[in-house]
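One structure is given here, and the rest of the page talks about it.
Chains as they are written, first to last, in the working numbering: chain P, 4 to 425; chain R, 266 to 540.
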C-alpha cells in the first residue's frame with residue numbers, strides 16, 4: 004500500500020524539540036512544495052503544538068532520497084533533531100495511526116477535540132496546493148469519518164479534563180445564559196486567566212479583574228476585554244458578580260464565610276459560583292454550607308477531571324473497534340483498485356444484465372432460435388467490453404501504479420462497482 | 266362505529282404514552298440519537314390522538330369526560346402532557362420529558378383498564394360550563410405537578426453540584442437556572458388556570474347546585490392552595506426569593522395540593538362529590 008506517515012509527537016520528543024518543528028500555515032505551503040520535488044506524489048503536512056506529521060505517497064517507491072525527517076528539519080532550520088525523535092509508519096499501520104489521531108485516542112489529552120479541526124485545516128491547505136490525490140483524499144476523508152464516529156458514537160470527548168474547562172463547564176450547569184452574568188477574577192495567574200478565557204469564550208457578560216499589582220490586572224483586562232478594580236475592593240464586588248475565580252498566593256483566607264454571608268444578604272440570595280484555585284485556599288471552605296453558594300477548590304476540580312479522564316479511557320476499546328471496522332473497509336477499497344478483480348467484476352455485472360434481459364424476453368422467440376439469441380447477446384457484450392478491458396490491462400503495464408489506480412477508481416465509480424467491491 | 270373507534274383509542278393511548286415516555290427515557294439515560302430525533306414527534310402524535318379521543322367521547326356520550334374517576338384520570342393524563350408540551354416549547358428544552366410523562370402514562374393506563382360508561386349521569390355533569398371549570402382546574406393541577414417535578418429535579422441537581430457528586434442527572438439535565446425557569450413557567454400556568462377554575466366555580470356553582478356552601482372543605486382547601494401559590498409568586502417576583510428556597514416552596518405547595526385532593530376528598534363530606 005503506497006501510504007506512509009512520518010511524525011513527531013509528545014511520545015517521541017519533548018516539547019523543546021517538538022516546538023522546533025512546528026509549521027505555520029505559510030511554512031506548510033512552502034514545505035509542501037519542497038517535499039513534492041523529493042519524489043512524493045501526494046502529501047499533507049499536519050502541524051499542531053503536540054505533533055507534526057507528514058502523510059504521503061511516493062511517486063516512485065524505488066528511488067532512494069535523503070531521509071524525509073532531515074528535509075523537514077532543514078526546511079524549519081531546526082537543529083538538535085535526530086531520527087529517534089520520529090516515527091515512520093507505512094501501509095495499514097499508517098492508516099491505523101491517522102484513524103487513531105483523528106479519533107482523539109492518540110492525543111496528549113485523551114479525546115482532545117481540537118485535533119480533528121487542525122487535520123481538516125491541514126488537508127484544506129494541501130488540497131489548495133493540489134498535493135492530494137486519490138489515496139490521500141480517501142485516507143483523510145475516512146479519517147474525518149472515524150473522528151466523527153468517535154465523537155457521536157462514543158463519549159471520548161465528554162467531560163472537562165482541564166481545571167479551567169471544568170470550572171467553565173460547572174458555571175454552565177448553574178447559569179443558563181452567561182451573557183447576563185459577570186465574573187470577578189482575583190489574581191492574574193495562569194490557571195485563573197485560562198478559566199476566565201474559557202468563560203469569555205462562552206460569552207460571559209462582564210469580567211472584572213483584581214490583582215495586587217494593578218498594572219498586571221490592566222494588562223490582562225486589555226487582553227480579555229475586562230475591567231479592573233482595586234484589590235482591596237473585592238468584597239464590594241461580591242454583592243453583584245455571579246462568578247468568582249480566585250488564584251492568589253495568600254497565607255490566610257482573602258474571603259471568609261462571614262464575608263460571603265454578608266454578601267448573600269446584599270445580593271438577595273442570588274446564586275454565587277466560586278472557584279478557588281489558590282494554594283493554600285483563598286476562600287474559607289465552610290462557606291460552601293451557605294445556601295446558593297457553590298464553592299469549588301482545586302481538589303474538587305481535580306476530582307472532576309480524574310473522573311472524566313477515566314470515563315474517557317473506558318471509551319477507548321469502542322473507538323478501537325470503530326478503527327478496525329474502518330480499517331478493513333479501507334483495505335477492501337484499496338484492494339479493489341487492482342485491475343484484475345475490477346475487470347472480473349465488470350464482466351460479471353454485464354453478464355448479469357445480459358442474462359436478466361434474455362430471460363425476460365426469450366419467450367418471444369421460437370425455441371429453435373433461442374440458442375442463437377444466447378450466443379448473439381454474449382457476443383455483443385464481449386465486443387462492448389473488449390476495447391476498454393484491453394486498454395485497462397495494457398495501461399496497468401505502461402502507466403504508474405498511481406495512474407492505474409485513478410483509472411480503476413473512476414471506472415468503479417462510473418459502473419457502481421464501489422459498493423459491490425466492499 | 267364511533268364507539269368502536271373510542272374502544273380502539275382506549276387501547277392505543279397507553280401504548281402511545283408508553284412509546285413517548287420510553288423514547289424520552291432512552292434519550293435522557295442512554296443519550297440515544299434516534300430517540301432524541303423521534304421523541305417530540307411521538308409526544309405530539311400522542312397529544313393529537315388523545316385530543317381526538319376526548320372529542321369523540323364527549324360527542325358520543327353527550328357530556329364532557331368528567332363523570333367518573335377514570336374519565337378524570339384520562340383528562341389528567343392529557344392536561345399534564347399538554348402543559349408539558351407548552352413548557353417544552355416555551356423553554357426550548359427537551360431533556361426532562363421522561364420525569365413528567367411517566368405520570369400521564371400511568372394515569373392513562375389505569376383509565377384505559379377500568380373506564381366504563383355510566384348509565385345515569387347527574388344533569389349538572391352534562392353542563393359545558395362545568396366542563397370548563399373542571400378542565401381548567403385539571404390543567405392548573407397538571408401544571409402544578411409539573412412545577413413540583415422540576416422543583417424536585419432542581420433539588421437533585423443542586424445536591425449533585427454542591428456535593429461534587431456527578432450522576433447522570435448532572436450530565437443530562439439542563440442547568441439550575443433553566444430548571445427554575447421551567448418550574449416557574451409551570452407555576453404561573455397553574456396559577457392562571459386555577460384562578461379561572463375557581464372564578465367559574467364561585468360565580469356559577471351557587472346557582473347550579475342546591476347544596477352549595479362557601480364553607481365546604483374542598484373549596485376552602487383549594488383556596489388555601491391558591492393562596493400558597495399566590496404567596497410563592499409574590500415571594501419570587503416582589504421579595505426576590507430564588508433558587509433552592511423557592512423550589513422547596515413549590516414542593517410544599519404540591520404536597521398541600523395532594524393533601525387537598527385526596528385526604529379531604531376521602532374523609533370530609535362535600536357537595537363537591539358527584540359519584
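From the three backbone atoms N, C-alpha and C, an ideal C-beta is built for every residue, glycine too.
Fully enclosed by the stretch 51-81 of chain P, which alpha helix (DSSP H) runs are 4 residues long or longer?
-> 71-79
So what's residue 208(P) in DSSP terms, helix, strand or just coil?
-> Taking the first chain and counting its residues from 1, the one referred to as residue 208(P) is at position 205. Residue 208(P): coil per DSSP, three-state reduction.
Could you tell me whether the Cβ atoms of residue 8(P) and residue 69(P) are closer together than 8 Å?
-> Position 5 of the first chain holds residue 8(P). Position 66 of the first chain holds residue 69(P). Not a contact, by the Cβ cut-off of 8 Å.
By DSSP, does residue 295(R) sit in helix, in strand, or in coil?
-> What you label residue 295(R) is simply residue 30 of the second chain in a count that begins at 1. DSSP places residue 295(R) in coil when its eight states are reduced to three.
Flag residue 498(R) as yes if its beta-carbon sits less than 8 Å from any beta-carbon of chain P, otherwise no.
-> Your numbering for residue 498(R) matches position 233 in the second chain. Closer than 8 Å: no.
For the stretch 5-55 of chain P, which segments carrying the beta strand (DSSP E) assignment without a break, of at least 3 residues, lie completely within its bounds, in sequence order?
-> 7-12 and 43-50
Any 3 or more C-beta pairs closer than 8 Å across the stretch 360-376 of chain P and the stretch 266-274 of chain R = no
Report yes if the CB atom of residue 102(P) is closer than 8 Å to the CB atom of residue 442(R), and no otherwise.
-> Mapped onto the first chain, residue 102(P) falls at position 99. Mapped onto the second chain, residue 442(R) falls at position 177. It is not a contact, given that the beta carbons lie outside the stated cut-off.
Using the C-alpha atoms, what's the distance from residue 333(P) back to residue 349(P)?
-> Against the first chain, residue 349(P) aligns to sequence position 346. Against the first chain, residue 333(P) aligns to sequence position 330. About 21 Å.
Residue 12(P), buried or exposed, once every other Cβ within 10 Å from all chains shown has been counted against 16 = Numbered from 1 along the first chain, position 9 holds the residue referred to as residue 12(P). Buried, by the Cβ-count rule.
DSSP three-state call for residue 84(P): helix, strand or coil?
-> Numbered from its first residue, the first chain carries residue 84(P) at position 81. Three-state DSSP puts residue 84(P) in coil, outside helix and strand.
Cβ of residue 172(P) within 8 Å of any chain R Cβ = As a working note, residue 172(P) is residue 169 in the first chain. For residue 172(P), the answer is no, since every Cβ of chain R falls outside 8 Å of its Cβ.
The stretch 420-438 of chain R touching the stretch 326-333 of chain R, judged by at least three CB pairs closer than 8 Å | no
If the cut is a Cβ gap below 8 Å, which residues of chain R does residue 91(P) touch?
-> Counted from its first residue, the first chain places residue 91(P) at position 88. The premise fails here: residue 91(P) is roughly 39 Å from chain R at the closest Cβ pair, so nothing lies under 8 Å.
Measuring CA to CA, which of 513(R), 460(R), 414(R) and 348(R) is closest to residue 490(R)?
-> If you number the second chain from 1, residue 490(R) lands on position 225. It is 460(R) whose Cα lies nearest to the Cα of residue 490(R).
Nonlocal neighbours in the same chain, by C-beta distance under 7 Å from residue 123(P), ignoring five residues either side = Translated into the one-based positions of the first chain, residue 123(P) becomes position 120. Closer than 7 Å at Cβ, skipping near neighbours: 147.
Closest residue to residue 169(P) among 353(P), 358(P), 20(P) and 312(P) (Cα-Cα distance) | Translated into the one-based positions of the first chain, residue 169(P) becomes position 166. It is 312(P) whose Cα lies nearest to the Cα of residue 169(P).
Taking the C-alpha atoms as reference points, what is the distance between residue 294(R) and residue 437(R)?
-> For this step, residue 294(R) is matched to residue 29 along the second chain. For this step, residue 437(R) is matched to residue 172 along the second chain. Distance between the alpha carbons of residue 294(R) and residue 437(R) is about 8 Å.
Should residue 420(R) and residue 452(R) be called a contact, given that it needs their Cβ atoms to be closer than 8 Å?
-> As a first step, residue 420(R) is located in the second chain; it is residue number 155 there, counting from the start. As a first step, residue 452(R) is located in the second chain; it is residue number 187 there, counting from the start. Result no, Cβ atoms of residue 420(R) and residue 452(R) do not sit closer than 8 Å.
Per DSSP, cross-strand counterpart(s) of residue 546(R) | Residue numbering for chain R in the displayed model covers 266 to 540; residue 546(R) lies beyond these limits and cannot be assessed.
With DSSP as the reference, please indicate the residues paired to residue 279(P) in a beta bridge.
-> Start at 1 with the first residue of the first chain, and residue 279(P) comes out as number 276. Partner(s): 249(P) and 300(P).
Locate the alpha helix (DSSP H) running through residue 381(R), then write down its first and last residues.
-> Counting from one through the second chain, the residue named residue 381(R) turns up at place 116. No alpha helix (DSSP H) holds residue 381(R); DSSP gives it neither H nor E.
Which runs of the beta strand (DSSP E) fall wholly inside the stretch 177-225 of chain P and span at least 3 residues, in chain order?
-> 185-189 and 209-213
Just the chain P side, please: which residues come within less than 7 Å of residue 542(R) by C-beta, in chain order?
-> With chain R covering only 266 through 540, there is no way to say anything about residue 542(R).
For residue 415(R) and residue 360(R), the rounded distance between their alpha carbons = Start at 1 with the first residue of the second chain, and residue 360(R) comes out as number 95. Start at 1 with the first residue of the second chain, and residue 415(R) comes out as number 150. About 12 Å.
Assess, as a yes-or-no matter, whether the stretch 255-266 of chain P is touched by the stretch 290-303 of chain P under the definition of 3 or more beta carbon pairs within less than 8 Å.
-> yes
Closer than 8 Å, Cβ to any Cβ of chain P: which residues of the stretch 411-432 of chain R, in chain order?
-> 422, 426, 427, 429 and 431
Inter-residue spacing [alpha-carbon to alpha-carbon] between residue 339(P) and residue 135(P) = Working through the first chain from its first residue, we reach residue 339(P) at position 336. Working through the first chain from its first residue, we reach residue 135(P) at position 132. For residue 339(P) and residue 135(P), the distance between alpha carbons rounds to 20 Å.
Under 8 Å, do residue 142(P) and residue 6(P) count as touching if we go by C-beta distance?
-> As a first step, residue 142(P) is located in the first chain; it is residue number 139 there, counting from the start. As a first step, residue 6(P) is located in the first chain; it is residue number 3 there, counting from the start. The answer is yes: Cβ separation under 8 Å.
If you count every other CB in all the chains shown that lies within 10 Å of the CB of residue 52(P), and 16 or more means buried, which is it?
-> On the first chain, residue 52(P) is found 49 positions in, with the first residue counted as 1. The residue in question, residue 52(P), is exposed, as its Cβ has fewer than 16 Cβ neighbours within 10 Å.
With distances taken between CB atoms, is the gap from residue 388(P) to residue 418(P) smaller than 8 Å?
-> Working through the first chain from its first residue, we reach residue 388(P) at position 385. Working through the first chain from its first residue, we reach residue 418(P) at position 415. Taking 8 Å as the Cβ cut-off, residue 388(P) and residue 418(P) do not qualify as a contacting pair.
Consider the Cβ of residue 307(P): report whether some Cβ of chain R lies at a distance smaller than 8 Å.
-> Along the first chain, one-based indexing puts residue 307(P) at 304. It does; some Cβ of chain R falls within 8 Å.
Residue 252(P), buried or exposed, once every other Cβ within 10 Å from all chains shown has been counted against 16 | The count along the first chain starts at 1 and reaches residue 252(P) at position 249. By the 10 Å Cβ count, residue 252(P) comes out exposed.
Drop a sphere of 10 angstroms on the beta-carbon of residue 373(R), count the other beta-carbons inside from all chains shown, and report buried for 16 or more, exposed for fewer.
-> Numbered from 1 along the second chain, position 108 holds the residue referred to as residue 373(R). So residue 373(R) counts as buried.
Would you say residue 303(P) reaches chain R, if we count a Cβ-Cβ gap shorter than 8 Å as a contact?
-> Numbered from 1 along the first chain, position 300 holds the residue referred to as residue 303(P). Chain R, which has a Cβ nearer than 8 Å to the Cβ of residue 303(P), makes this yes.
Residue 509(R) touches chain P at which residues, Cβ-Cβ below 7 Å?
-> Here residue 509(R) refers to the residue found at position 244 when the second chain is read from its first residue. Chain P residues near residue 509(R): 294 and 295.
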